[in-house]
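Under our numbering, residue 421 is the last one in the sequence shown; the count climbs by one each step, no gaps. For every residue, glycine included, the Cβ atom is placed at its ideal position computed from N, Cα and C.
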Amino acid sequence: MHDLKALRADPAAFDAALARRGLPAVAESLVKEDEQRRAALAELQEAQARRKGLAKEIGQAKRNGEDTTEIEARGVALRDRIATLEARANEIQKRIDDVLQRLPNQLDASVPDGRDENDNVVVHQRGEVPSFPFEAKQHFELGEALGLMDFAAAGKIAGSRFVMLRGVLARLERALGQFMLDTHTGEFGYEEVTVPLLVNDASMYGTDKLPKFAEDSFHTDDDRWLIPTGEVPLTASVMGDILPAESLPRRMTTLSTCFRSEAGSAGRDVRGMLRQHQFTKCELVSVVAPEESEAEHERMTRAAETVLERLGLPFRRVLLCAGDTGFGAAKTYDLEAWLPGQKAWREVSSCSNTRDFQARRMNARMRREKTTVFVHTLNGSGLAVGRVMIALMEMYQQEDGSIIVPDVLRPYMGGLTVILI
1 MHDLKALRAD PAAFDAALAR RGLPAVAESL VKEDEQRRAA LAELQEAQAR
51 RKGLAKEIGQ AKRNGEDTTE IEARGVALRD RIATLEARAN EIQKRIDDVL
101 QRLPNQLDAS VPDGRDENDN VVVHQRGEVP SFPFEAKQHF ELGEALGLMD
151 FAAAGKIAGS RFVMLRGVLA RLERALGQFM LDTHTGEFGY EEVTVPLLVN
201 DASMYGTDKL PKFAEDSFHT DDDRWLIPTG EVPLTASVMG DILPAESLPR
251 RMTTLSTCFR SEAGSAGRDV RGMLRQHQFT KCELVSVVAP EESEAEHERM
301 TRAAETVLER LGLPFRRVLL CAGDTGFGAA KTYDLEAWLP GQKAWREVSS
351 CSNTRDFQAR RMNARMRREK TTVFVHTLNG SGLAVGRVMI ALMEMYQQED
401 GSIIVPDVLR PYMGGLTVIL I
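Spelled out as structure tokens, the structure:
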């Protein structure tokens, strides 16, 4: 979570970091709680030492044939005192943990101040926003006209925010995912991993999804969670490990189904497949030495950008401001693709450096000389397959409703060049 030692050393800096996210100061109360915890632990250690000494006294007295009633009574009193001190220390620790686990990561100094997405900063834009000689349609208009995007059938089976893709569109989704995996494994050195789609509490907590985002995820009757992103199982794969320095960086990618309840998105993007309960995403995760995470963040984001460039989709990189940066991130770049049908930029990837925030929650370390240090973890979408398909359909649409297949995807589509109406 957070380093209490650093908090005690500079409580003002800790509160200043919270203030950047619009959160109230907590350092003073946490320091007081920690002082009480440390005092209880010190008294506990002293009581344990005294009890150990009494045990020796009792043994010696018995060997000498002396009465041990009074010494044993002191031992019982000490035992009860030790139990009280242990309970007190644990109670204080729980109060501290309850506060710390709900506090977000500290932001990188390069993150701009701001309240929401309106204060984010465009770093660069690649590709020109197209001008169509006709009124561009949205993806769901195109998909339904093709007879290949079936929201009605999905709704009958599962309810709202689901879709059934048929025929060539189903193959297009598969082609996009395969192209992303091939790019990341073949050119950027990521190891492809097939992951469990169900995970335990520890995995969700370690990757900062619990307790804060419990309502946004699906929970099963046997106390497991459907993964909201492939980040969770990939990152949690190093949970509790001490990694050899020579094994880093560790770069992993997975193409998986993801599940989100979208509890906080009522009324948003209700048409189409932009915001679904179930979707496919190619995830990138890196586990690196602390001094390497900043460069790794840039590398990961470039890997995601490369996919968009190869697909010929206009996009921009956006540095999120303090108020829009996610709970677990120290710094985040969003990649936004242009959707001609919506006439808007929409996020298709989010690449974040969490530094040691997740590693502390997971107790994931690396060896360094004669000690160990927390690793840094990074995660990013490389990319969200459904959202990229939306951008592709709208970008490559023709006036008659057909869709041109980008050159790089044609080998994955059996040579198909156009999806005909």
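Using a Cβ distance threshold of 8 Å, residue 82 and residue 51 count as a contacting pair. Assigned with DSSP and collapsed to three states, residue 59 falls in helix. Bridge partners of residue 334 according to DSSP: 318 and 350. Its Cα nearest to that of residue 240, the residue 202 stands out among 216, 275, 273 and 202.
For residue 134, the number of other beta carbons within 10 angstroms of its own is below 16, and it is reported as exposed.
Around the beta carbon of residue 29, fewer than 16 other beta carbons lie within 10 angstroms, which makes this residue exposed. In this structure, residue 234 places its C-beta atom within 8 Å of the C-beta atom of residue 195. Under the three-state reduction of DSSP output, residue 371 falls in the strand class. Boundaries around residue 358 are those of the alpha helix (DSSP H), 357-362, since no beta strand (DSSP E) includes it. Non-local C-beta neighbours of residue 149 in its own chain, meaning closer than 7 Å and more than five positions away in sequence, comprise 140, 143, 163, 165 and 169, ordered along the chain.
Linking residue 191 to residue 214 through their CA atoms gives a straight-line distance of about 29 Å.
By the 16-neighbour rule on beta-carbons within 10 angstroms, residue 316 is buried. For residue 231 and residue 306, the gap between their C-alpha atoms comes out near 20 Å. Within the model, the alpha-carbon separation for residue 297 versus residue 353 is close to 6 Å. Of the other Cβ atoms in all chains shown, fewer than 16 fall within 10 Å of the Cβ of residue 244; this residue is therefore exposed. Following the DSSP letters along the chain, one finds residue 240 in no beta strand (DSSP E), marked with neither H nor E. The shortest CA-to-CA distance from residue 348 to any of 289, 370, 308 and 3 is the one to 308. Leaving aside the five residues that flank residue 98 on each side, none in its chain has a CB nearer than 6 Å to its CB. Counting along the chain, no alpha helix (DSSP H) covers residue 107, and no H or E run does either.
For residue 225, the closest C-alpha among the options 41, 197 and 242 is that of 197. By the C-beta density criterion, residue 397 is buried, having at least 16 other C-beta atoms within 10 angstroms. If only complete runs of 3 or more residues are kept, the segment 133-210 shows no beta strand (DSSP E) anywhere. With a cutoff of 8 Å on beta-carbon distance, residue 212 and residue 95 are scored as not near each other. By the Cβ-count criterion, residue 227 is buried, with 16 or more other Cβ atoms from all chains shown falling within 10 Å of its own Cβ. Around the C-beta of residue 365, 16 or more other C-beta atoms lie within 10 Å, and the residue is accordingly described as buried.
The segment 50-70 makes no contact with the segment 16-36; the number of CB pairs closer than 8 Å stays below 3.
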